Each structure stands twice: as structure tokens, then as C-alpha cells.
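The sequence shown lines up with residues 2 to 121 when you count with the numbering used here.
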Amino acid sequence: QNQQYDVFFGVDEMILSALALGSYGAVGSTYNFISDLYHQLIEAFGRGDHETAAYLQEKAVEYINVLAKFGYSAASKAVMKMQGVACGTVRLPFRNISDNQVLELEKELQQIGFFEFAGV
Numbered sequence: 002q003n004q005q006y007d008v009f010f011g012v013d014e015m016i017l018s019a020l021a022l023g024s025y026g027a028v029g030s031t032y033n034f035i036s037d038l039y040h041q042l043i044e045a046f047g048r049g050d051h052e053t054a055a056y057l058q059e060k061a062v063e064y065i066n067v068l069a070k071f072g073y074s075a076a077s078k079a080v081m082k083m084q085g086v087a088c089g090t091v092r093l094p095f096r097n098i099s100d101n102q103v104l105e106l107e108k109e110l111q112q113i114g115f116f117e118f119a120g121v
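Written out as C-alpha cells, the structure reads:
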């Protein structure tokens, strides 16, 4: 096996597939607020616990789908703010989500266990 390069992957929804293909690590936007999930996923894969790794990958996709439902960029900024990191507003052509949408986003994320990985 050629060990000359460390390959990083950039699609959060597919990190497990990338690891299976030999990727060394990843760079992704959801790592900003659910890094615990990805650390656990990578560790599970590394020890051969593919069932846990697959479960965690499914959870990540579930979380990402909720963010996408509200508008991924704006929802991501809202989640960062929930965690105490104000990242400002989104830029055009994106639109910010309303205060009511932020509350609904938080409620939906709570219902699916998002914050157990978010450190909030």
C-alpha cells in the first residue's frame, strides 16, 4: 500500500465510505458542531466495529437532512449560535431563517438526539 499521501474527504454524509476506501481523515462543515459523532465514527471504524460506525453515519445523515430542510447554511449558523458561537448571517443568495424556524429547528434536532453529539 502506498503511504505517500494522506487523503482527506469532504462529504460529511459519506465519510464512512471514504474511510473504507482508505481515506485518512475528513474536512466537513458539520464537524464544526457534531465533531463528537465523527470522532466516535472514525474510532469505531478503526477498531472494526462497523455496526456502530454505520449507525453513526446514519445519524449524521439524519441530522444533515434536518439542516437541509431549513436551508443548510442558515441552519448551520443557527446551530453554531445555539452552541454559543455566533457566526453572523448568511450571504446572498441564501436567506436567514426566522426566529420561529430556529425554534422549530432546535425542537426537531432535540427530537432526534442531535445534541447528544453537539456538546450542548
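Glycine included, each C-beta is placed from N, C-alpha and C at the ideal position.
Keep in mind it's a predicted model, so treat the numbers as computed, not measured.
Identify whether Gly-114 lies in helix, strand or coil by the three-state DSSP scheme.
Note: Gly-114 maps to coil in three-state DSSP.
Going by DSSP, name the residue or residues bridged to Gly-72.
Its beta-bridge partners do not exist; DSSP assigns none.
Could you tell me whether the Cβ atoms of Ile-65 and Asp-13 are closer together than 8 Å?
Yes, Cβ-Cβ distance for Ile-65 and Asp-13 is below 8 Å.
Going along the chain, which residues of its own chain have a beta-carbon closer than 7 Å to the beta-carbon of Val-91, five neighbours each way excluded?
Only Ser-74, Ala-75, Lys-78 and Asn-97 meet the Cβ criterion.
Just to confirm before moving on: does the CB-CB distance between Gln-111 and Phe-34 stay below 8 Å?
Not closer than 8 Å, so no.
So what does DSSP say about Gly-26, is it helix, strand or coil?
Reduced to three states, the DSSP call for Gly-26 is strand.
Given a cut-off of 8 Å, decide if Ala-27 and Phe-46 are closer than it, judged by their beta-carbon atoms.
Not closer than 8 Å, so no.
Name the DSSP bridge partner or partners of Phe-1?
Only positions 2 to 121 of the chain appear in the structure, and residue 1 is not among them; the question remains open.
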